[in-house]
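The opening residue of the sequence shown carries number 6 in this note's numbering; numbering runs sequentially from there. To start, the structure itself, in structure tokens.
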Amino acid sequence: MNAANILVVDDEAQIRRVLRSTLSTHGYVITEAKTGEEALEWMRKEKPDLILLDVNMPGMGGIETCREIRRGSDAPIIMLTVRDAERDKVAALDAGADDYVVKPFGIEEVLARIRAALRRYSPGDALPAFESKGLTINFETREVIVRDRLVHLTPKEYEVLKHLAANQGKPLTHRRLLQAVWGPDYGDETENLRVVINLLRKKIEADPARPKYIVTEPWVGYRFQGLRESTSRAAARKT
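Here is the structure:
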């Protein structure tokens with residue numbers, strides 16, 4: 006039994022029934038909401054381990070609801086929608102979503118996405134903190150401090166930053182980052198990664214157009230370059 010608590014947010018009763026029946030059979034505890042407003046009420050009372058959130062709902066839509074949830078929760082959010090346009094995926098990621106499933110979906114696909122998301126956000130051994138003059142990352146508390154100011158990152162932004170920082174100085178391919186953060190079924194969705202990298206740079210870089218921490222490796226991917234390492238290299242060049 007998984008015992009994880011999942012909040013299902015969808016205005017279609019049939020979708021909620023199918024998800025409740027199937028997910029309950031697999032050991033998940035299910036809470037339902039018909040609207041974004043109702044979902045936010047549940048979020049104030051409960052702390053779900055994961056949210057399945059429909060994009061197209063009357064009243065407060067899924068994108069707006071996602072943004073509001075992100076103000077107070079880091080729980081993984083999987084968006085459910087009938088649309089598959091690239092701009093809709095970008096909008097969902099920009100709002101703080103972790104994953105994106107297009108209707109009509111196979112229930113095995115949804116179960117696999119849920120398992121992957123819960124694995125990524127399960128507690129594990131914390132990395133040693135990264136500290137430089139303008140950036141501190143505490144992997145145990147998930148706090149990111151930029152120039153003495155606490156900065157809020159979405160779960161996806163944090164996971165990308167964590168994976169880059171854990172491999173400091175090493176170029177990581179787009180595919181490796183996508184599969185490490187989004188899951189093994191990903192690898193070609195470079196637009197998803199580009200959006201998150203751009204958002205990260207806006208939050209942690211003094212000049213996002215000339216990044217010093219998250220450096221692009223042309224035709225490869227990205228590399229996390231700690232300023233301490235940059236300083237030591239500059240000193241080595243002078244000698």
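All C-beta atoms, glycine included, are put in the ideal place defined by N, C-alpha and C.
Proximal residues to residue i (C-beta, below 6 Å), its chain only, five neighbours per side dropped
| i | result |
| --- | --- |
| V96 | Val is not the amino acid found at residue 96; the sequence shown has Ala there. Closer than 6 Å at the Cβ level, and outside the excluded window around A96, lie I68. |
| A38 | V14, A44 and W47 |
| R72 | A100 |
| T244 | Low confidence applies to T244: its pLDDT is 35, below 50, so where it sits in the model is not reliable enough to give any reading. |
| T141 | I150 |
| L24 | V13 |
| R22 | none |
Close beta carbons around residue i, own chain, < 8 Å, minus the five adjacent residues each side
| i | result |
| --- | --- |
| E51 | N10, L12 and T36 |
| S235 | The predicted model places S235 with a pLDDT of 37, which falls under 50 and marks its position as unreliable; any figure quoted below should be read in that light. Closer than 8 Å at the Cβ level, and outside the excluded window around S235, lie K217. |
| V220 | Y227, R228, F229 and Q230 |
| E162 | V201, L204, L205 and K208 |
| E196 | E91, K94 and V95 |
| G174 | R228, F229, Q230, G231 and E234 |
| L98 | Y105, K161, N197, V200 and V201 |
Residue environment, residue i, which counts as buried when at least 16 other CB atoms sit within 10 Å
| i | result |
| --- | --- |
| A80 | buried |
| W187 | buried |
| G77 | exposed |
| A8 | exposed |
| H157 | exposed |
| P53 | buried |
| K167 | buried |
| R238 | The predicted position of R238 is uncertain, since its pLDDT is 38 and thus under 50; a value taken from the coordinates is nonetheless stated next. So R238 ends up on the exposed side. |
| D153 | exposed |
| R49 | exposed |
| T30 | exposed |
| D212 | exposed |
Integer Cβ distance of residue i from residue j, believed to fall under 8 Å
| i | j | result |
| --- | --- | --- |
| V165 | V201 | 5 Å |
| I82 | I119 | At roughly 11 Å, the Cβ-Cβ gap does not stay under 8 Å, so I82 and I119 are not in contact. |
| G64 | G32 | That pair is no contact at about 32 Å. |
| R75 | T159 | 6 Å |
| L85 | L57 | 6 Å |
| E210 | P176 | Between P176 and E210 the Cβ distance is about 18 Å, and since that is not below 8 Å, they are no contact. |
Where residue i falls: helix, strand or coil (DSSP)
| i | result |
| --- | --- |
| M65 | coil |
| G1 | In the structure as shown, the chain starts at 6 and stops at 244, and residue 1 therefore has no counterpart that could be examined. |
| G228 | Looking at the sequence itself, residue 228 is Arg, so the reference to Gly does not match. Here R228 sits in strand by DSSP. |
| D15 | coil |
| V106 | strand |
| M6 | Legend: pLDDT at M6 = 40, less than 50; position of this residue unreliable, value from coordinates given subsequently. It is coil, neither helix nor strand. |
| V23 | helix |
| T178 | strand |
| T70 | helix |
| R124 | helix |
| R154 | strand |
| V201 | helix |
| V247 | Since the displayed the chain opens at 6 and closes at 244, residue 247 lies outside it and no answer follows. |
Beta-carbon proximity list for residue i, same chain, < 7 Å, skipping 5 on both sides
| i | result |
| --- | --- |
| R233 | Confidence in R233 is poor, its pLDDT being 47 and thus under 50, which makes the residue's placement too unreliable to answer from. |
| Q19 | none |
| F144 | A131, L132, A134 and K167 |
| D16 | K39, T40, D59, M62 and P63 |
Does the segment 142-153 touch the segment 102-117, meaning 3 or more C-beta pairs lie closer than 8 Å?
Taking 8 Å as the limit for Cβ pairs, the verdict is that the segment 142-153 does not touch the segment 102-117.
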